[in-house]
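K.L.:
Numbering (the numbering used here), first residue to last: 2 to 517.
We put the beta carbon where it would ideally sit given N, CA and C, even for glycine.
On a predicted model such as this, the values are computed, not experimentally measured, just so you know.
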Amino acid sequence: MLFRNSYSYCGTVPAEAARLSRKRPGTATATLLALLFALVCLAGSRAYGDVGVVLNESLDTSVARITGSGHTAVYFSRICPESPVKLRLCRPDEQGSVMSNYISLGEDQAFEWNLVPLNIYLYGVEDPRYRPLVGSQKIKHALEERYREKYLDGLCAGGFCRTSNNAEWREMVAATLERSMYMFVIHTTVEQDQQLIEQFNSLPNENHFNGVTRNCADFARRVINSYFPGATGPDYINDFGMTSPKAIARSFTRYAERHPEAQFRVLHYAQVPGTIKRSQDCRGGTEQLVRSKKLLVPMVIFAHYALPFVAASYLVSGRFNPQRELEDHPTVKATETEHQLRAAKAENDEVRAQQLEAEHQQERARIVGTSQEWKEYRTAFEAVVAEAVQEERIPERGHLNRVFRQFDKAGTPVADSNGALWMEFSENGETSQVGLSASNVVAPTSDTQLAHELVLARVRSVLNSPKHSRENMVEFKQDWLLLQHARARNLADSGLSRTAQRSVPATGISYSQGTN
2 MLFRNSYSYC GTVPAEAARL SRKRPGTATA TLLALLFALV CLAGSRAYGD
52 VGVVLNESLD TSVARITGSG HTAVYFSRIC PESPVKLRLC RPDEQGSVMS
102 NYISLGEDQA FEWNLVPLNI YLYGVEDPRY RPLVGSQKIK HALEERYREK
152 YLDGLCAGGF CRTSNNAEWR EMVAATLERS MYMFVIHTTV EQDQQLIEQF
202 NSLPNENHFN GVTRNCADFA RRVINSYFPG ATGPDYINDF GMTSPKAIAR
252 SFTRYAERHP EAQFRVLHYA QVPGTIKRSQ DCRGGTEQLV RSKKLLVPMV
302 IFAHYALPFV AASYLVSGRF NPQRELEDHP TVKATETEHQ LRAAKAENDE
352 VRAQQLEAEH QQERARIVGT SQEWKEYRTA FEAVVAEAVQ EERIPERGHL
402 NRVFRQFDKA GTPVADSNGA LWMEFSENGE TSQVGLSASN VVAPTSDTQL
452 AHELVLARVR SVLNSPKHSR ENMVEFKQDW LLLQHARARN LADSGLSRTA
502 QRSVPATGIS YSQGTN
């Protein structure tokens with residue numbers, strides 16, 4: 002992937018070399034230099050970036066309470082924003098971006114789409130080290146205002162854009178604070194990315210949103226199909242004549258499975274634990290009718306004759322489980338192994354098939370974790386909480402259920418220049434603070450008692466979450482390590498520091514060391 006990043010500079014360098022060559026027509030060195038740069042850029046053009054369908058879970062608010070449809074957007078690994086409405090190739094230090102459209106972005110012009118840096122979209126900050134560990138409306142608003150001041154200059158001067166919660170550019174800042182999401186990703190070439198940049202930079206960026214014929218899923222379909230014609234499509238039968246976010250994700254996944262060279266994988270970003278209502282599974286039309294009690298009961302009463310047809314349509318052609326796709330395709334390696342496994346089974350090579358099945362399960366477990374591994378962590382955490390109560394770190398185990406609400410009620414979130422969040426508290430004329438980001442929760446200036454409580458509450462929330470709302474095992478192990486640091490600092494700060502080498506016999510997981 003080195004060429005992917007270095008190629009960002011190849012757009013102008015060959016032209017500059019050619020200019021030097023024209024300036025000194027007799028200089029063989031300049032000509033050689035031009036050829037060298039051209040070869041480098043041609044080599045870079047064979048490198049791969051990524052494009053992906055982003056499937057956001059339903060917020061279960063407003064119309065979404067009825068449809069359960071969620072939202073969809075497009076992820077790019079090699080395209081970045083020159084501004085929210087202009088594209089360019091990413092620099093080596095950038096992580097890509099997300100493009101999305103809404104009914105109304107609420108900006109001073111009626112733009113069809115905005116493009117934001119990937120980590121801004123996910124966490125509200127440029128560097129994932131500063132991502133928030135807890136989510137609340139206060140915290141999200143602080144991150145939104147930071148983004149508005151830093152990125153929307155000239156686009157968001159009007160009162161509605163600056164102050165209204167209905168300005169939907171806000172949905173593109175720290176989206177994981179309010180919902181979980183899946184990304185279905187395949188590789189692209191530099192030429193494909195450049196063509197998309199030229200296309201979107203040259204076309205008018207004017208909003209013509211229509212919920213039936215030109216919604217967010219139709220927009221994502223248009224973008225993805227400009228890369229791979231026919232890769233995504235609607236499911237008019239199950240979505241009653243419209244295009245739904247889930248239909249785009251399902252059709253794109255089917256396309257990727259038919260093209261092993263696409264190097265398909267699925268990414269998952271869980272909703273950040275906190276006080277914001279948990280997001281719900283994204284659903285298609287017939288799926289919502291069959292699975293939603295608030296719609297199924299009226300349908301049974303008033304339209305029972307249609308129910309068998311709706312149910313049959315969903316069962317035959319409408320089922321799609323993003324979590325299962327994540328477990329089957331957590332990495333490119335896992336997808337490649339799956340293709341090899343199918344070939345081995347087709348050739349009746351049982352020995353090879355068993356070997357590949359074991360490799361696939363191992364790769365899946367490394368990213369997603371196994372049921373047994375999650376169970377062991379829950380058992381270990383119960384011992385951790387019991388110890389915290391015994392040492393009077395927390396008053397009782399139920400206290401962890403209230404930590405997020407208490408923090409949100411009593412504190413004021415503040416973002417520093419990097420976007421790292423702090424929660425400030427004032428009581429009896431004294432001020433204290435605790436870090437709310439992965440980078441500062443155990444910083445020297447972060448209150449050790451509050452930090453310990455915060456990380457305990459976060460780990461508890463993750464362990465109690467269903468799969469679709471739970472971060473993957475790789476990320477959780479970082480939380481577990483953070484919990485160790487927070488506990489050690491709290492013990493040291495209270496003068497009770499002692500050896501923190503405890504093992505939980507029932508699980509074998511060392512609280513002080515975690516797992517590798």
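With distances taken Cα to Cα, identify the nearest neighbour of Pro435 among Ala74, Val333, His453.
P.N.:
Looking at the sequence itself, residue 435 is Val, so the reference to Pro does not match. Of the listed residues, the one whose Cα sits closest to Val435 is His453.
K.L.:
By a C-beta neighbour count over all protein chains shown, 10 Å radius and 16 as the cutoff for buried, is Gly1 buried or exposed?
P.N.:
Residue 1 falls outside the range modelled here, since the chain spans only 2 to 517, and no answer is possible.
K.L.:
Starting from the Cα of Tyr131, find the closest Cα among Asp219, Ser438, Ile121 and give me that residue.
P.N.:
Ser438
K.L.:
Ignoring anything shorter than 4 residues or poking outside the stretch 320 to 379, list the alpha helix (DSSP H) runs there in chain order.
P.N.:
323 to 329, 333 to 347, 351 to 369
K.L.:
Rounded to whole angstroms, what's the CA-CA distance from Thr336 to Glu392? Just pull it up for me.
P.N.:
Answer to the nearest angstrom: the Cα atoms are 47 Å apart.
K.L.:
Please check the pair Ile520 and Leu197, which I expect to be a contact at CB under 8 Å, by giving their CB distance rounded to whole angstroms.
P.N.:
With the chain running from 2 to 517 in the structure shown, residue 520 is simply not present.
K.L.:
Enumerate in chain order the residues of its own chain whose CB-to-CB distance from Ser98 is below 7 Å, with the five nearest sequence positions on each side excluded.
P.N.:
Phe77, Ile80, Cys81, Pro82, Leu116, Val117, Pro118, Leu119
K.L.:
Buried or exposed for Leu316, going by 16 or more other Cβ atoms inside 10 Å?
P.N.:
exposed
K.L.:
Please list, in chain order, all residues of the same chain as Val404 whose beta carbon is under 8 Å from its beta carbon, the five residues on each side excluded.
P.N.:
Glu454, Leu455, Leu457, Ala458
K.L.:
Which residues does DSSP list as the beta-bridge partners of Phe426?
P.N.:
Ser433
K.L.:
Cα separation between Phe382 and Ala493?
P.N.:
21 Å
K.L.:
Nearest by alpha-carbon distance to Val291: which of Gln281, Ala313, Gly275, Glu328 is it?
P.N.:
Ala313
K.L.:
Under the criterion of a Cβ to heavy atom distance below 7 Å, does Trp114 qualify as lining the ligand HEM?
P.N.:
Inclusion of the ligand HEM in the displayed structure is not the case, the ligand content being empty and no account of it being possible.
K.L.:
With DSSP run on the structure shown, which of helix, strand or coil describes Asp51?
P.N.:
Residue state, collapsed to three classes: strand.
K.L.:
Suppose you measure from the CA of Phe38 to the CA of Val191; what does that come to, to the nearest Å?
P.N.:
Because the pLDDT of Phe38 is 39, which lies under 50, any placement of that residue in the model is unreliable, and the number read from its coordinates should be weighed accordingly. Approximately 16 Å between the Cα atoms of the pair.
K.L.:
Could you check whether Asn216 and Thr254 sit closer than 8 Å to each other, using their CB atoms as the reference points?
P.N.:
no
K.L.:
Closest by CA to Val75, which one among Arg461, Ala221, Lys346?
P.N.:
Ala221
K.L.:
How do the stretch 223 to 234 and the stretch 246 to 262 stand: do at least 3 beta-carbon pairs fall below 8 Å, yes or no?
P.N.:
yes
K.L.:
Just tell me which of Gln264, Cys283, His260 has its CA closest to the CA of Ala248.
P.N.:
Cys283
K.L.:
Between Asn202 and Lys87, is the Cβ-Cβ spacing less than 8 Å?
P.N.:
Going by C-beta atoms, Asn202 is nearer than 8 Å to Lys87.
K.L.:
Measure the alpha-carbon distance for Phe185 versus Ala158 and round it to whole angstroms.
P.N.:
35 Å
K.L.:
Three or more beta-carbon pairs under 8 Å between the stretch 263 to 279 and the stretch 401 to 419, yes or no?
P.N.:
yes
K.L.:
Is Gly160 buried or exposed, if buried means 16 or more other CB atoms sit within 10 Å of its CB?
P.N.:
exposed
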